[in-house]
Amino acid sequence: MPEEQKPERRYDLIVWDWDGTIMDSTPTIVNCIQQACRDLGFKEPDDTLASSVIGLGIQDSLRRAVPWIEPAHFPKLTERFRYHYLAKDHELDLFPGIRELLHSLREDGYLLGVATGKSRVGLDRSLKHHQLEQMFHETRTADESFSKPHPGMLLELSDVMQVPMRRMLMIGDTTHDLDMAANAGVDAVAVTYGAHPPSTLKEAPSLIHVDDVVQLSRWLSDNLTVQN
Numbered sequence: 004m005p006e007e008q009k010p011e012r013r014y015d016l017i018v019w020d021w022d023g024t025i026m027d028s029t030p031t032i033v034n035c036i037q038q039a040c041r042d043l044g045f046k047e048p049d050d051t052l053a054s055s056v057i058g059l060g061i062q063d064s065l066r067r068a069v070p071w072i073e074p075a076h077f078p079k080l081t082e083r084f085r086y087h088y089l090a091k092d093h094e095l096d097l098f099p100g101i102r103e104l105l106h107s108l109r110e111d112g113y114l115l116g117v118a119t120g121k122s123r124v125g126l127d128r129s130l131k132h133h134q135l136e137q138m139f140h141e142t143r144t145a146d147e148s149f150s151k152p153h154p155g156m157l158l159e160l161s162d163v164m165q166v167p168m169r170r171m172l173m174i175g176d177t178t179h180d181l182d183m184a185a186n187a188g189v190d191a192v193a194v195t196y197g198a199h200p201p202s203t204l205k206e207a208p209s210l211i212h213v214d215d216v217v218q219l220s221r222w223l224s225d226n227l228t229v230q231n
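Written as structure tokens, this is what we have:
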């Protein structure tokens, strides 16, 4: 009896954003930006403005979150942000169901990558804490590449892993992720449970918006392969 033919894959490499997509960290990041401003006596951004910059590199994030602060103060502001974030980093957790979804994709033979606005030190610390060091084949951070929405991180992942852009899929929770994907010529899925609300995510191109990890898992199951 002939062996059952496996479905043709549409994508080979699935690239994930970290904060707000894998890690439930949006409220903490917002709070740390605001606390850093309070430490230095600066006007703090509201929740909407602070959450809008999540996904960018730390320098770009702070410049956009508090544009009224003189550039000379940003090194100290960055220091205070990192102080508060490090104090809470160990309390953060993955979104429910994400670990199982990643494991399932890896078991099915998909390549997994990360493209994040975090620093290399920050991402590595989080990967180790959550025992995900062996889950991803390649990762890129904003401090060793370009900050989103520049396509640099995706271009580098494509080059290193020898996967063409048309065979890659980006998953993220902000327009920064979606715009990076569009700039690289990569398809993208938007998750609405992170930093940017659906009304904001609509401003950037994506294949679909999903509201939780269950919907994301279902969509991936239905769309990672070519349906006959």
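Okay, so the sequence shown: first residue is 4 according to our numbering, each after it adds one. Glycine included, every Cβ here is placed at the ideal spot set by N, Cα and C. Keep in mind it's a predicted model, so treat the numbers as computed, not measured.
{"Query": "Same chain only: Cβ atoms within 6 Å of residue 150, ignoring 5 sequence neighbours per side", "Result": "59, 60, 63"}
{"Query": "Environment of residue 44 [buried if 16+ CB atoms lie within 10 Å]", "Result": "exposed"}
{"Query": "Assigned secondary structure, residue 31 (DSSP; H/G/I helix, E/B strand, else coil)", "Result": "helix"}
{"Query": "Where residue 37 falls, given that 16 or more other Cβ within 10 Å makes a residue buried", "Result": "buried"}
{"Query": "Nonlocal neighbours in the same chain, by C-beta distance under 6 Å from residue 130, ignoring five residues either side", "Result": "136"}
{"Query": "Residue 175 vs residue 187 beta-carbon contact at 8 Å", "Result": "no"}
{"Query": "DSSP-derived helix/strand/coil call for residue 19", "Result": "strand"}
{"Query": "Reference residue 65; option with closest CA among 87, 86, 39", "Result": "39"}
{"Query": "Residue 13 vs residue 228 beta-carbon contact at 8 Å", "Result": "yes"}
{"Query": "Neighbourhood of residue 83 by C-beta distance below 7 Å, restricted to the same chain and skipping five residues each side", "Result": "39, 42, 43"}
{"Query": "Coil, strand or helix - residue 174 by DSSP", "Result": "strand"}
{"Query": "Assigned secondary structure, residue 190 (DSSP; H/G/I helix, E/B strand, else coil)", "Result": "strand"}
{"Query": "Identified DSSP bridge partners for residue 57", "Result": "59"}
{"Query": "DSSP bridge partner residues for residue 119 (one or two, in chain order)", "Result": "144"}
{"Query": "Residues that residue 212 bridges to, as DSSP identifies them", "Result": "193"}
{"Query": "Assigned exposure category for residue 169 - 16 Cβ within 10 Å defines buried", "Result": "exposed"}
{"Query": "Distance, residue 9 Cα to residue 74 Cα", "Result": "56 Å"}
{"Query": "Nearest neighbour of residue 111, chosen from 15, 222, 57, 125 [CA to CA]", "Result": "15"}
{"Query": "Helix, strand or coil at residue 238 according to DSSP, with G and I counted as helix", "Result": "The structure shown does not extend to residue 238, since the chain spans only 4 to 231, so no value can be given for it."}
{"Query": "Residue 227 in three-state terms, based on DSSP", "Result": "coil"}
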